[in-house]
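A.B. asks: Residue numbers (our numbering): 3 to 208. Every residue, glycine too, gets a C-beta built ideally from N, C-alpha and C. Computed from a prediction, not measured in an experiment: that's the story for all the values here. Would you mind keeping the following structure in view while I ask a few things?
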Ligand SMILES: Nc1nc2c(ncn2[C@@H]2O[C@H](COP(=O)(O)OP(=O)(O)O)[C@@H](O)[C@H]2O)c(=O)[nH]1
Ligand SMILES: [Mg+2]
């Protein structure tokens, strides 16, 4: 499938503490598909996957993953621009990653539109024997903060397909996508990357 062959585009951003399994979750979802690429640029990896909603509509999912800068709490507003859905992840075996959810929420809500879906995701449920955060706690925070809730395992594959099908369902029902915003965002990202590369090159010369 030609990567440009799509009718709409949806940006999804994934956040949460370092090590909770964000990258693995996305890689698990896309790994069996041919229409996949990850473009690593300044601090961001962008994965894409084209979904055939029906015979006349192909939707391109653009998934933004951090390249570790969440460790320093230095995610740029650009990361959230035009986003339609945010996956906010914590590890069910590490309570502190769950306790950080409120901090993440304040960051997310500072930058996203009101109609952005936020999904709370408890990761690594294959490590049930090490569970440190009950599913009920996750559910209850999700409910009080108006988020959807999933528990997944990227390792075993539990609920990964279901999670992304849920997202596709949600965003396709609300209909509109932020195409123009996304084009601007992608152009801006290319510009910054270009500037970064030029700066690095000129440093080497001197
Ligand atoms: N047991 C288990 N380990 C996982 C799972 N997902 C990720 N990991 C491990 O957790 C560590 C961090 O994963 P990564 O995706 O890089 O986390 P990120 O920093 O949030 O992107 C790695 O060692 C992964 O192998 C999972 O579902 N189950
Ligand atoms: Mg990562």
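Kindly confirm or deny that the region 64-74 and the region 19-29 touch, where touching means at least three C-beta pairs closer than 8 Å.
C.D. replies: Taking 8 Å as the limit for Cβ pairs, the verdict is that the region 19-29 does touch the region 64-74.
A.B. asks: With residue 10 as the anchor, note down where its alpha helix (DSSP H) starts and where it stops.
C.D. replies: No alpha helix (DSSP H) contains residue 10, which is instead part of the beta strand (DSSP E) from 10-18.
A.B. asks: Looking at the unbroken alpha helix (DSSP H) that takes in residue 68, where does it start and where does it end?
C.D. replies: Element bounds for residue 68: not the alpha helix (DSSP H) but the beta strand (DSSP E), 59-68.
A.B. asks: With a threshold of 16 other CB atoms inside 10 Å of the CB of residue 15, please say whether the residue is buried or exposed.
C.D. replies: Buried, because 16 or more other Cβ atoms sit within 10 Å of the Cβ of residue 15.
A.B. asks: From the DSSP output, in three-state form, read off residue 52 for me.
C.D. replies: Strand.
A.B. asks: Under 6 Å: does the beta carbon of residue 26 sit that close to some heavy atom of ligand 1?
C.D. replies: Yes.
A.B. asks: Give every residue of the same chain whose Cβ lies closer than 7 Å to the Cβ of residue 63, excluding the five residues on either side of it in the sequence, and list them in chain order.
C.D. replies: 12, 14, 50, 51 and 53.
A.B. asks: Taking residue 8 as the reference, give the member of 55, 141 and 23 with the closest Cα.
C.D. replies: Per the Cα distances, 55.
A.B. asks: Please state the DSSP three-state secondary structure of residue 22.
C.D. replies: Three-state result, residue 22: coil.
A.B. asks: Helix, strand or coil: which one does DSSP assign to residue 123?
C.D. replies: Here residue 123 sits in strand by DSSP.
A.B. asks: Please classify residue 89: does DSSP put it in a helix, a strand, or coil?
C.D. replies: Three-state result, residue 89: strand.
A.B. asks: When the distance is taken between beta carbons, is residue 151 closer than 7 Å to residue 140?
C.D. replies: Contact: yes.
A.B. asks: Excluding the 5 residues preceding and the 5 following residue 163 in the sequence, name in chain order all residues of the same chain whose CB lies nearer than 8 Å to its CB.
C.D. replies: Once the five neighbours on either side are set aside, the close Cβ partners of residue 163 are 31.
A.B. asks: Among the residues of its own chain, which have a CB less than 6 Å from the CB of residue 106, if the five just before and after it don't count?
C.D. replies: So the qualifying residues of the chain are 17 and 90.
A.B. asks: Give the range of the alpha helix (DSSP H) segment to which residue 72 is assigned.
C.D. replies: Residue 72 -> no alpha helix (DSSP H), and no H or E assigned at all.
A.B. asks: Near residue 182, what residues of its chain come up, given a Cβ to Cβ distance below 8 Å and the 5 sequence neighbours on each side ignored?
C.D. replies: Only weak support is given to the placement of residue 182: the predicted model assigns it a pLDDT of 49, under 50, and the value that follows is read from those uncertain coordinates. Excluding residues within five positions, none has a Cβ falling inside 8 Å.
A.B. asks: Just tell me which of 175, 154, 46 and 146 has its CA closest to the CA of residue 124.
C.D. replies: Among 175, 154, 46 and 146, the Cα nearest to that of residue 124 belongs to 154.
A.B. asks: Provide the residue(s) that pair with residue 153 in DSSP beta bridges, ordered along the chain.
C.D. replies: Answer by DSSP bridge pairing, in chain order: 124.
A.B. asks: Helix, strand or coil for residue 42? Go by DSSP, reduced to three states.
C.D. replies: Caution applies to residue 42, whose pLDDT of 46 falls short of 50 and renders its modelled position unreliable; the value that the coordinates give is listed next. Note: residue 42 maps to strand in three-state DSSP.
A.B. asks: Buried or exposed, going by whether 16 or more other CB atoms sit within 10 Å of the CB of residue 176?
C.D. replies: Residue 176 comes out exposed.
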